[in-house]
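Following: one structure in structure tokens, then a few remarks.
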Amino acid sequence: MNSKKEKRIGIFICHCGKNIAGGLNIESLVESSRQIQGVVYVIDNKFSCSEDGQVAIQKAIQNQKLDRVIIAACDPALHLMTFQRCGKKAGIEPGFVDLIDIRKWTMHGSPHRVDPEQAFEKSKKLIELAVKRMRLKRLIPLVEVKAEQSVLVIGGGVAGLEAGLDLADKGYRVYIVERLPTIGGKMALLYKVFPTNDCAPCILAPKTAYANIHPNINLLTNSEVKSVEGYIGNFDIKVIQNPRYIDAKMCTGCGECIEKCPSRVIDNVYSAGMGERKAIYIPYDQAIPKKAIIDAEHCLYLRSGACSLCEKVCPTDAIDFEQRTRTIKLKVGAIIVATGFDEYNPTEKSEYGYGRYDNVITQFQLARLLDIDGPTKGKLLRPNDGREPKSIVMIQCVGSRDENTNAYCSNICCMYALKHAQMIREMVLPDTEIYICYIDMRTTGKGFEEYYRKTRELGINFIRGRPSDIIEETDTRNLILKVEDPDIGRLLKIETDLVVLSCATIPSSGTRQLSQILQINLDENGFYKEVHPKLRPVETNVRGIYICGAAQGPKDIPDSIVQARAAASFLDKELREAKIKLPEYIVKAIKLN
Amino acid sequence: MKQDNSQSEPIRISKLDPKFKSEVMKHKDAQGLNACFACGTCTAGCPVHEIFPEYDPRKLAKMVKLGMRKEVLSIPYIWYCVTCHNCEQRCPQNVKFFNILNVLKNMAAKEGYAPSPWVEQTQQIMQTGIVFPKDEELAKKRESFFLPVLKSDCKKAKKLIELAGLDKIKAKKQS
Ligand SMILES: Cc1cc2nc3c(=O)[nH]c(=O)nc-3n(C[C@H](O)[C@H](O)[C@H](O)COP(=O)(O)OP(=O)(O)OC[C@H]3O[C@@H](n4cnc5c(N)ncnc54)[C@H](O)[C@@H]3O)c2cc1C
Ligand code: SF4
Ligand code: SF4
Ligand code: SF4
Ligand code: SF4
Chain R
3 MNSKKEKRIG IFICHCGKNI AGGLNIESLV ESSRQIQGVV YVIDNKFSCS
53 EDGQVAIQKA IQNQKLDRVI IAACDPALHL MTFQRCGKKA GIEPGFVDLI
103 DIRKWTMHGS PHRVDPEQAF EKSKKLIELA VKRMRLKRLI PLVEVKAEQS
153 VLVIGGGVAG LEAGLDLADK GYRVYIVERL PTIGGKMALL YKVFPTNDCA
203 PCILAPKTAY ANIHPNINLL TNSEVKSVEG YIGNFDIKVI QNPRYIDAKM
253 CTGCGECIEK CPSRVIDNVY SAGMGERKAI YIPYDQAIPK KAIIDAEHCL
303 YLRSGACSLC EKVCPTDAID FEQRTRTIKL KVGAIIVATG FDEYNPTEKS
353 EYGYGRYDNV ITQFQLARLL DIDGPTKGKL LRPNDGREPK SIVMIQCVGS
403 RDENTNAYCS NICCMYALKH AQMIREMVLP DTEIYICYID MRTTGKGFEE
453 YYRKTRELGI NFIRGRPSDI IEETDTRNLI LKVEDPDIGR LLKIETDLVV
503 LSCATIPSSG TRQLSQILQI NLDENGFYKE VHPKLRPVET NVRGIYICGA
553 AQGPKDIPDS IVQARAAASF LDKELREAKI KLPEYIVKAI KLN
Chain H
-13 MKQDNSQSEP IRISKLDPKF KSEVMKHKDA QGLNACFACG TCTAGCPVHE
37 IFPEYDPRKL AKMVKLGMRK EVLSIPYIWY CVTCHNCEQR CPQNVKFFNI
87 LNVLKNMAAK EGYAPSPWVE QTQQIMQTGI VFPKDEELAK KRESFFLPVL
137 KSDCKKAKKL IELAGLDKIK AKKQS
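For the protein sequence lines, the chains are R and H, in the order given. Positions 3 to 595 (the numbering used here) are the ones given, in order, by the first sequence. Positions -13 to 161 (the numbering used here) are the ones given, in order, by the second sequence.
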């Protein structure tokens, strides 16, 4: 394969219009490249990637009998494939076509840009090294391995479900691992969703219910991924399933046990702290799976051996205090990570008094209060005295667009603030005044600007300013805040019954640990990082592991769905042959079970 | 002093000084200015704005950006800041308005816009080492509390003031 004969290397130096040619002397670079040992041909192109440019490369390969090609142009992540395909057409193995980036030294806006002399020296050096590499290079042998026709989806929110259902319909065996006792994620807790204000459980239920009965889907709730080994086509997974203390096959979801359970606790997950549940509970009416679960921390029997009332009343004998954590081993061909987001805890922004003032709540808490199946059955009352609020102030960008917390825009909070204002005005408390204090109102999705207009038409007050702090009046427990309204050029002092903070969307807890288990990169904000923000948005640095939904960055439901479908489609492309060619060293280095 | 309140006239951009911003931002302390996105958190929390609505950090930041050099440096309000640092503390973009204001005050002083009470105070410190003029009432009060008579050692203060060049600042001409 690798003959001792000296290689015939051709070098193509690209102008990239003025992007490269404007920042260094191409002629001298051509001249210096000709001097390198092993190089038999050097020429420059105006645009190497253009049709003409590629034809020129192919012609040179044939006329000059080149067997190695180096293109000095732009970022390999962008165009290496282009040139490898081009070379292949002229009979050169992809491994013997190399693309090196010299444009980064010259292009306007590049963080690496340097002056023309330095750009020349650096490019010359890079070309010399590329030639050296190419002269020594041998083809990496590829071996064909089988690709399991099964998929692990981590996170059973709307994104994970969408991707899982798509793949299950295509014929893959899909394991959905969800750490909560139910699937559906945040969407299941929203009641209404913008921009159409349809009932979220109603449009989600077809997906959750289908996932529950799909012959190709295994739901593993109450479970987390513990370890991942292997490579695309052949991942060995260990999943830990925490005990429910209920035999799920027996439980009919009748709720008799819940009625009798004497242990009440604040529900921080499904009610966001706005309501209670029992130690044995079913998260909500449409929960899937609709099976009871015992919270061991608060169960009197599991803590001290007292009680066991639930066991006595359960008509099907489903209670099983003996259940223990189980390890489940899976073999899958690829993984989709859809672990979603958490709401930022605004306690840190102490100027707004969250945690100190009872009548300061978050938008997610408000969402739970507005849910007719939520902890208050849709009643909106002040937390401290149960009174109907006569006025409500919403504060936008809390913990977002803030250099001291999260610098990015959380993308969805403008829209859900508008939604909640509409819901309160139209369905709950039509006479309550609502003020939204915002910096910029971001309503860029399809139908979103109309949604904003509708909110204005409902008489909601918009103030383009941000309060500096909130003070609580001790006797009334009302909240006082000042905000400058630039429209009238005056400071407003608002005394209000309830303040709602539109908090940032942050990566879900455990994202960092999971990224270490999966060996995939995080971006500067702690979300999973895509290979390229524009061109490769659902791939990660590990082939065979894809990301979608709010786990990749703050996102609404429509965008989560689009990304889930994209991830499923890409995954299918990789696995559908049921076999895959991989470099031999990877297959040799990683031992599988 | 009366402001030129010809607010009905539009501000002519061509009459402004677009270099003003970079002049201000040359100072290390003022480099956050461009990041300001006019959220108004500074203004909402400024105790001075509450009493003098004309004093408005959000507006001042914008005026500097637009190049309203003369207007910014000549208005008396920039000297009203009580240095509470609220604006700086609460700003989500780390603009550090308080620091920018100091840069503006230095520029204003250099250009002869320092308010006369400020200049008088400086002279007072140079002469007596104390901010307030000698005051019989105060002396009596101190005595009744058994506090020592205030000695005025103004040498060090004078030296500092001279080093900083504060003694050369001229008060704004009253018109
Ligand atoms: C108050 C509020 C109102 C909103 N209103 C709307 C609206 O009206 N319209 C709209 O389009 N969008 C709305 N959104 C946004 C919407 O919630 C998200 O777009 C959507 O939930 C994203 O779906 P997801 O599946 O990516 O993430 P999630 O819904 O967060 O689902 C992720 C799932 O993964 C699970 N998980 C997390 N980590 C792990 C792990 N390590 N292992 C296993 N499982 C894990 C979680 O338990 C969860 O079930 C709103 C958001 C908020 C906060
Ligand atoms: S045994 Fe535990 S879960 Fe069952 S009723 Fe008693 S406290 Fe509730
Ligand atoms: S979506 Fe709106 S409220 Fe949320 S961070 Fe962006 S601008 Fe602020
Ligand atoms: S708080 Fe900061 S960003 Fe907001 S207006 Fe003031 S200086 Fe600008
Ligand atoms: S430091 Fe000055 S400008 Fe800033 S808030 Fe306090 S008084 Fe206002």
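From the three backbone atoms N, C-alpha and C, an ideal C-beta is built for every residue, glycine too.
### Query
Cβ-heavy atom distance between Pro118 of chain R and ligand 4 below 7 angstroms?
no
### Query
To the nearest angstrom, how far is it from the Cα of Ile22 of chain R to the Cα of Ala75 of chain R?
8 angstroms
### Query
The beta strand (DSSP E) with Asn21 of chain R in it runs from where to where?
Segment 20 to 23 is the alpha helix (DSSP H) holding Asn21 of chain R; no beta strand (DSSP E) there.
### Task
Measuring only between beta-carbons, confirm whether His35 of chain H sits less than 8 angstroms from chain R.
yes
### Message
Just checking: is the beta-carbon of Gln113 of chain H within a distance shorter than 8 angstroms of some beta-carbon in chain R?
### Response
no
### Message
Please identify, using Cβ separations under 9 angstroms, the residues of the segment 28 to 58 of chain H that lie next to chain R, in order along the chain.
### Response
Cys28, Thr29, Ala30, Gly31, Cys32, His35, Glu36, Pro39, Asp42, Arg44, Lys45
### Query
Regarding Asn270 of chain R and ligand 5, is the C-beta to nearest heavy atom distance less than 7 angstroms?
no
### Task
Quick one: residues in its chain with C-beta nearer than 7 angstroms to the C-beta of Lys158 of chain H, no 5 flanking neighbours on either side, listed in chain order?
Gly98, Tyr99, Ala100, Pro101, Ser102
#### Entry: Exposure label - Glu74 of chain H; buried when at least 16 CB within 10 Å
buried
### Task
Measure the Cβ-Cβ separation of Ile321 of chain R and Tyr354 of chain R and say whether it is below 8 angstroms.
no
### Query
So which residues put a beta carbon under 7 angstroms from any heavy atom of ligand 2, going in chain order?
R:Cys259, R:Lys262, R:Cys263, R:Pro264, R:Ser265, R:Lys280, R:Ala281, R:Ile282, R:Ile296, R:Cys301, R:Leu302, R:Tyr303, R:Leu304, R:Cys309, R:Ser310, R:Leu311, R:Cys312, R:Glu313, R:Ile321
### Inter-residue Cα distance where the pair is Ile482 of chain R and Asp360 of chain R
14 angstroms
### Query
Sorry if obvious, but does the Cβ on Ala125 of chain H come closer than 7 angstroms to a heavy atom of ligand 6?
Annotation note on ligand 6: not contained in the displayed structure, which lists ligand 1, ligand 2, ligand 3, ligand 4 and ligand 5 as its ligands.
### Query
Buried or exposed: where does Met417 of chain R fall if 16 or more other Cβ atoms within 10 Å of its Cβ makes it buried?
buried
### Query
Are the segment 482 to 495 of chain R and the segment 187 to 203 of chain R touching by the rule of at least three beta carbon pairs closer than 8 angstroms?
no
### Task
Mind checking which residues open and close the beta strand (DSSP E) that includes Tyr548 of chain R?
547 to 549
### Message
Is Lys531 of chain R close to ligand 1? I mean its beta-carbon at under 7 angstroms from any heavy atom of the ligand.
### Response
no
### Message
So if I threshold CB-CB distances at 7 angstroms, which residues from the segment 73 to 101 of chain H count as touching chain R?
### Response
Arg76, Pro78, Gln79, Asn80
### Task
In angstroms with no decimal places, state the Cα-to-Cα distance between Gly275 of chain R and Asp269 of chain R.
5 angstroms
### Message
Could you check whether the Cβ of Gln554 of chain R sits closer than 7 angstroms to any heavy atom belonging to ligand 3?
### Response
no
### Task
Output the residues surrounding ligand 5, defined as those with a CB atom closer than 7 angstroms to any ligand heavy atom, in chain order.
H:Cys28, H:Gly31, H:Cys32, H:Pro33, H:Val34, H:His35, H:Pro43, H:Cys67, H:Val68, H:Thr69, H:Cys70, H:His71, H:Asn72, H:Cys73, H:Glu74, H:Phe83, H:Phe84, H:Leu87
### Euclidean distance between Cα positions of Glu474 of chain R and Val362 of chain R
10 angstroms
### Which listed residue (R:Thr184, R:Ile59, R:Ser34) has its alpha carbon closest to that of Ile129 of chain R
R:Ser34
### Query
Is there at least one Cβ from chain R nearer than 8 angstroms to Ser(-6) of chain H's Cβ?
no
### Task
Compare the C-beta of Cys67 of chain H with all C-beta atoms of chain R and state if any pair is closer than 8 angstroms.
no
### Task
Identify, in the order they occur along the chain, each residue of the same chain with its Cβ nearer than 7 angstroms to the Cβ of Ile94 of chain R, setting aside the five sequence neighbours on each side.
Ile63, Asp69, Val71
### Message
Could you tell me which whole beta strand (DSSP E) segments of length 3 or greater appear in the segment 488 to 528 of chain R?
### Response
492 to 498, 500 to 505, 507 to 509
### Message
Does the CB of Phe131 of chain H have a neighbour CB from chain R at under 8 angstroms?
### Response
no
### Message
For Lys575 of chain R and Glu586 of chain R, what's the separation of their Cα atoms in angstroms?
### Response
21 angstroms
#### Entry: Boundaries of the alpha helix (DSSP H) in which Gln109 of chain H is found, first to last residue
102 to 114
### Task
Would you be able to state if there are at least three C-beta pairs under 8 angstroms between the segment 156 to 164 of chain R and the segment 340 to 357 of chain R?
yes
### Query
Is it the case that the Cβ atoms of Arg466 of chain R and Pro432 of chain R are separated by a distance below 8 angstroms?
no
### Query
Where do the N-terminal and C-terminal ends of the alpha helix (DSSP H) with Asn65 of chain R fall, by residue?
53 to 65
### Query
When DSSP labels each residue in this structure, what does Met3 of chain R get in the three-state scheme?
Because the pLDDT at Met3 of chain R is just 43, under 50, the model does not fix this residue reliably, and the value given afterwards should be weighed accordingly. Of the three classes helix, strand and coil, the one that applies to Met3 of chain R here is coil, per DSSP.
### Query
How long is the line joining the alpha carbons of Thr407 of chain R and Gly401 of chain R, rounded to whole angstroms?
5 angstroms
### Message
ligand 3 and Asn220 of chain R: does the residue's C-beta get closer than 7 angstroms to at least one heavy atom of that ligand?
### Response
no
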